[in-house]
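Trainee: Mind the numbering: the sequence shown is residues -21 to -1, 1 to 934 in mature numbering (1 follows the signal peptide of the UniProt record, and there is no 0), read in order. Idealized CB from N, CA, C, for every residue including glycine. All values reported here derive from a predicted model rather than from experimental measurement. Quick one: this structure, given as structure tokens, is what I'll be asking you about.
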Amino acid sequence: MAAQSLLLLFCLAVGVLLARGQSAADTTGFISIDCGLLEHSSYVNEATKLPYSPDAGFTADGGTSYNVSAEYNDTPYNRLHPQVLSLRSFPGPPGRRGCYTLSSFVAGTSKYLIRATFLYGNYDGLNKLPLLFDLYLGVNFWKTVNISKPDLLHVAEVIAYVPADSVQVCLVSTGSGTPFISTLELRPLKDTLYPLVNITQGLVLIGRWNFGGLDLIRYPDDPYDRAWVPMNRPGEWYNISTMSKVAMEVDDHRKPSYDVPSVVMQTAVKPVNTTENLIWFPWDGEPNRVYPMPGLLPVLYFAELEILDSKHERLFFIRAQRNKSWVLLGGLDYLKTDVVSRNAPYPFVSPLENYITLRAANATAVRQLFNNNSTILPPFINAAELFTPISTANIGTDAQDVSAITAIKAKYQIKKNWVGDPCAPKTLVWDGLNCTYPISRPQRITSINMSFGGLSGDISSYFANLKAIQYLDLSHNKLTGSIPDGLSQLPSLVLLDLTGNDLSGTIPFGLLIRIQDGNLTLRYGHNPNLCSNSSSCQAAKKNLHSKTSIYIAVIIVAAVVLGGLVVLLLVIIRKQGRIKPHNEESDVQARSRNRRFTYTELKVMTSNFHRVLGEGGFGLVYDGFLEDGTQVAVKLRSQSSNQGVREFLTEAQNLTGIHHRNLVTLIGYCKDGEYMALVYEYMSKGNLQDKLRGRDHSDGCLTWRQRLRIALESAQGLEYLHKACSPPFIHRDVKTSNILLDANLKAKVADFGLMKAFNHDGDTHVSTARVVGTPGYLAPEYATALMLTEKSDVYSFGVVLLEVITGQPPFVQIPPTQPTHIMKWVQQRLSSGDIEGVVDARMQGGYDVNSVWKVTDLALECTDRTPEQRPTMTRVMAQLLEYLELEESRSTFYTSADGDTNGIIYTESSRDPSSSSSMYATDQSTSDVAQSSTTLRMGPNSGRASTVDTGPAAR
Ligand SMILES: *[C@@H]1O[C@H](CO)[C@@H](O)[C@H](O)[C@H]1NC(C)=O
Ligand SMILES: *[C@@H]1O[C@H](CO)[C@@H](O)[C@H](O)[C@H]1NC(C)=O
Ligand SMILES: *[C@@H]1O[C@H](CO)[C@@H](O)[C@H](O)[C@H]1NC(C)=O
Ligand SMILES: *[C@@H]1O[C@H](CO)[C@@H](O)[C@H](O)[C@H]1NC(C)=O
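What follows is the structure, encoded as structure tokens:
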């Protein structure tokens, strides 16, 4: 209420600013925006001589420009300040922001005065008031603007620390009317001014008064263009004034902490009634949603304007709130400004309590203090600023993230609510974004979902600047062009979804490496022109198709024959630099991004093909070592192999295009004249089949938990083939001998050189000329009707699961009975409720029966006769994960005897803020009062010198 009347005063203070003969102060860094003004119609304001610009260059966020309705055009204030006649409004749902970006900051200055004004003037013809909306300074809440009268100019001003080189001012709809703004001004301050303003605290203005003044004082009298509102109460106060200049007090560094223009200090008021000898005026915060009890910080300015003789003494008490104690003020210097302030704000109390009172001291007090009989003069005051502090501790989003996402927003012309800071405040985070909110560090963007966003053009390279991003979903847009390699440089990226676009080219090598290392999932289905397996683009694929079929048939024969004999062994390349694309003789080779070896190198690596590990589809597999000692397996094409050169390279690329932590990976290849070879990671623990059958005598039998983990990891590899590859791959020879184990028993699916891509979108199955695969694992529909789908792999995986549970081969033969398929064998035993009779006896009961039941059920689901009844690999994977987690929590429960018991942490009970103040409230007379280090000379009752507050507030 008090604040409102002050605003009214501001409005009515229309006096003409007198040119006071001083040279105009520096306006470097001033920004003066007349919001809603037509473009190219800048002008100079008559009163301040400051140029005002239209807002076009400052807001990119739309809004609509309006003029106040005619009846408000011709008020005295508005005639002098035409900048309030136009405005911009930002319609939208609650939470929608309209923002202005103020930059062009002055070097070496971090403190700014930012002022927005709002004159409703029934611009929308609705005459609907009150109107409430929120104002933000960057990511920090500034105030709630409450427009209650159409002709009342609402002023929002804050003095704040702006560490960056720009700051945003945002209007946020709260659902109580459309936010609008008339003017926006930014004025740099000297860093030494307003010591109460620091990086975490800003000061919102409640009032700035020039007591005894006649005119509104702004620029150029005030070099910072603060608006000093005249404050008079004729009949209650006398105005006093001087023609002499009033100097500011300077601090130890010879710089003023507050810099009030002399013309403001040259006027003051004193009470008319010398009996009462009292000045009082109300001051009030504006409670709002964020600060329901705003603190109050007065800054009072005094300069003695009368020359006092020895018979007169100026000595008075100040009280900031009713029922608070008084502080004594005296010894003020002639024509020199003294400042009374304090460090901590006064707590909010009811408006009725908030009166600043000045009262003359009485003769008794003077006698006590000065031991003379001087006459006491009435109190006076020259100027006052009243503030309420706000927190500016929220930092906002990391600057690099902001510039990247801003560029992305601009490129795709995103509308939505992508305005203001991307992450902060948390309630206004941009649609589709997720961020981290670390304490006292900038927020980072961790995920972006722009799925179904209608994006077109290529993938912005700015995505690669979002260094903290983990999930990037650009699926189902119209993106074209290639995938930027820079995405592979994003250290935290775990999921990149590019499904359903029109991307072309190959998958960048860097991304493949990331996928290979198992820390990135890439989805790129339904991009018809994307070279999904790095063997060929769609156009080339048509040519290759027939040959590919031939080669697949060829190796498949070999595979069927050789069955589970082959162990494929790969090495994970850890240093990306080791793998270098090379200059290619052919197209196909060019896309094989793996390392290329010469035959001589292979000879060195394998000690002249010394040790044979096994035999694969087209030749022997040799043990070898890279220069750095990494063990590898070298699969050398035998001279007699009828696999052609091109098919060989195509296979190599089939393998290189697919990378997952649970799939074996190719390190490199050799194509050196006649010689061709593939170099794989070495899998030291052999294959799962050998482990289950006990053919591997090294280290005992797999536990149930190990089995579950191996099953889960294999499922993950297969799921990747089915879901993440485009077109999806069917392994076609899933079996325990194709599941390899590394030194840590981590499972990787091998031998998917046999697999074949779905070549045509929309095909639900692929018919091939002949059955491939391994007896016992073949899905019935495939074995009989050559119907091949992903569900064929699910069937085979079901058989693998049954082997994992039982330890039996796919055809169980327990003499004297005929060999029975493992599925039938398990079903028979289960029908009599005999789960114990099914489980591998070598586990010696070290399992949870429930867990085994669940996995058995899942295995039988997978081996259902009808493909449609079988679960997808995704579901299988999810179920196994759940079972494994159950199993691990069970095992943990039994095994963790050492248990880290958390010690009880004893904390000091948090200090009651009110109790901390009591620490200082030892002397009623000096506690909780406005203090000034220089002017508070004496305690009123004690007669001794009181403590001097040397805190920064006063200075
Ligand atoms: C800013 O000032 C406030 C009030 O004096 C204080 O509590 C806060 O610690 C200061 N912040 C910094 C960063 O100095
Ligand atoms: C001055 O104040 C006193 C005390 O409130 C009051 O009695 C007196 O009438 C006032 N004098 C004038 C002239 O208003
Ligand atoms: C004069 O001031 C003293 C000190 O504040 C106070 O104790 C005393 O009551 C006052 N006397 C009168 C008459 O107001
Ligand atoms: C002040 O006045 C009193 C009584 O009117 C008197 O007794 C005293 O001496 C005077 N003190 C001084 C320092 O003039």
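Check whether chain D comes within 8 Å of N480, counting only Cβ atoms and requiring the distance to be less than that.
Mentor: Protein chain content of the structure displayed is limited to a single chain, and chain D is not contained in it.
Trainee: Would DSSP call E164 helix, strand or coil?
Mentor: Of the three classes helix, strand and coil, the one that applies to E164 here is strand, per DSSP.
Trainee: Check whether the Cβ atoms of L66 and I160 lie closer than 8 Å to each other.
Mentor: Result yes, Cβ atoms of L66 and I160 sit closer than 8 Å.
Trainee: Could you say which of R672, H60, N267 and L466 lies nearest to Y22 if we only look at CA atoms?
Mentor: That would be H60, whose Cα lies nearest to the Cα of Y22.
Trainee: So which of Y774, G36, R197 and R338 has the shortest CA-CA distance to R301?
Mentor: It is R338 whose Cα lies nearest to the Cα of R301.
Trainee: Using the Cα positions of G673 and G679, report the straight-line distance between them to the nearest angstrom.
Mentor: The alpha-carbon atoms of G673 and G679 are separated by roughly 8 Å.
Trainee: Looking at C-alpha atoms only, which residue of G752, W188, P404 and N218 is the closest neighbour of R76?
Mentor: For R76, the nearest C-alpha among the options comes from P404.
Trainee: If distances are taken between C-alpha atoms only, which option among Q180, D380, F359 and M584 comes closest to Y91?
Mentor: When each option's Cα is compared against that of Y91, the closest is Q180.
Trainee: Just to check, is the beta-carbon of T254 closer than 7 Å to a non-hydrogen atom of ligand 2?
Mentor: Yes - ligand 2 has a heavy atom lying nearer than 7 Å to the Cβ of T254.
Trainee: My parser needs the beta strand (DSSP E) runs of 3 or more residues fully inside the stretch 256 to 292; what are they?
Mentor: Those beta strand (DSSP E) runs which fall completely within the stretch 256 to 292 and span 3+ residues are 257 to 261 and 276 to 281.
Trainee: For ligand 1, which residues have a Cβ under 6 Å from at least one heavy atom, in chain order?
Mentor: This selection yields N177, I178, T179, Q180 and N322.
Trainee: Could you tell me the alpha carbon to alpha carbon distance between S663 and Q685, rounded to whole angstroms?
Mentor: One C-alpha to the other measures close to 16 Å.
Trainee: Apart from the five residues on each side of it in sequence, which residues of its chain come closer than 6 Å, Cβ to Cβ, to T390?
Mentor: As written in the sequence, residue 390 is Lys, which differs from the Thr given in the question. Here the set comprises S439.
Trainee: With a Cβ-Cβ cutoff of 8 Å, do N361 and F190 count as a contact?
Mentor: In contact: N361 and F190 (Cβ atoms closer than 8 Å).
Trainee: Under three-state DSSP, which class holds R321?
Mentor: The answer is coil: DSSP assigns R321 none of H, G, I, E or B.
Trainee: Closest by CA to L865, which one among F776, T845, V834 and P850?
Mentor: Out of F776, T845, V834 and P850, V834 has the C-alpha closest to the C-alpha of L865.
Trainee: Per DSSP, G192 forms a beta bridge with which residues?
Mentor: In DSSP, G192 forms no bridge with anything.
Trainee: Kindly confirm or deny that the stretch 850 to 868 and the stretch 790 to 808 touch, where touching means at least three C-beta pairs closer than 8 Å.
Mentor: With a cut-off of 8 Å, the stretch 790 to 808 and the stretch 850 to 868 do not count as touching, because too few Cβ pairs lie within range.
Trainee: Compare the beta carbon distance of R99 and F37 with 8 Å and say whether it is the shorter of the two.
Mentor: The residue asked about is misnamed: residue 99 is Tyr in this sequence, not Arg. Not a contact, by the Cβ cut-off of 8 Å.
Trainee: Between P759 and the rest of its own chain, which residues show a CB-CB distance below 7 Å, the 5 nearest in sequence each way excluded?
Mentor: Here the set comprises R844.
Trainee: For the alpha helix (DSSP H) containing P759, name the first residue and the last one.
Mentor: P759 -> alpha helix (DSSP H) spans P759 to A764.
Trainee: Alpha carbon to alpha carbon, how far is G399 from I374?
Mentor: Their backbone Cα atoms lie some 13 Å apart in a straight line.
Trainee: State yes or no: is the C-beta of T500 nearer than 7 Å to some heavy atom of ligand 5?
Mentor: This structure simply doesn't include ligand 5; it includes ligand 1, ligand 2, ligand 3 and ligand 4 instead.
Trainee: What first and last residue would you give for the alpha helix (DSSP H) that runs through W832?
Mentor: Residues V828 to C841.
Trainee: Work out the CA separation of L172 and E50 for me, nearest whole Å.
Mentor: Cα to Cα, E50 sits roughly 41 Å from L172.
Trainee: With distance defined between alpha-carbon atoms, name the residue in S48, S430 and L781 nearest to K714.
Mentor: That would be L781, whose Cα lies nearest to the Cα of K714.
Trainee: Can you name the start and end residues of the alpha helix (DSSP H) that R94 belongs to?
Mentor: Taken as a continuous stretch (DSSP letters only), R94 belongs to no alpha helix (DSSP H), being part of the beta strand (DSSP E) at K90 to F97.
Trainee: Give me, in chain order, the residues of the same chain whose beta-carbon lies closer than 7 Å to that of D842; leave out the 5 immediate sequence neighbours on both sides.
Mentor: The sequence shown places Thr at residue 842, rather than the Asp named in the question. Same-chain partners within the cutoff: Y774, G777, V778 and M802.
Trainee: Roughly how many whole angstroms lie between the Cα atoms of D377 and D651?
Mentor: In a straight line, the C-alpha of D377 is about 51 Å away from that of D651.
Trainee: Report the three-state DSSP secondary structure of G465 (helix, strand or coil).
Mentor: Here G465 sits in helix by DSSP.
Trainee: Whole angstroms is fine: what's the gap from E606's alpha carbon to T785's?
Mentor: Taking the straight line from one Cα to the other gives about 42 Å.
Trainee: Where V643 and Q806 are concerned, what is the direct C-alpha to C-alpha distance, given to the nearest angstrom?
Mentor: Approximately 33 Å, taken between the alpha carbons.
Trainee: Rounding to the nearest angstrom, what Cα-Cα distance links K303 and K446 in this structure?
Mentor: Cα-Cα distance, rounded: 54 Å.
Trainee: Within this structure, are the beta carbons of V600 and G593 separated by less than 8 Å?
Mentor: A contact, by the Cβ cut-off of 8 Å.
Trainee: From M917 to L307, what distance separates their C-alpha atoms?
Mentor: Note that M917 has pLDDT 31, beneath the 50 cutoff, so the model's placement of it is unreliable and the number below is only indicative. Cα to Cα, the separation comes out at about 7 Å.
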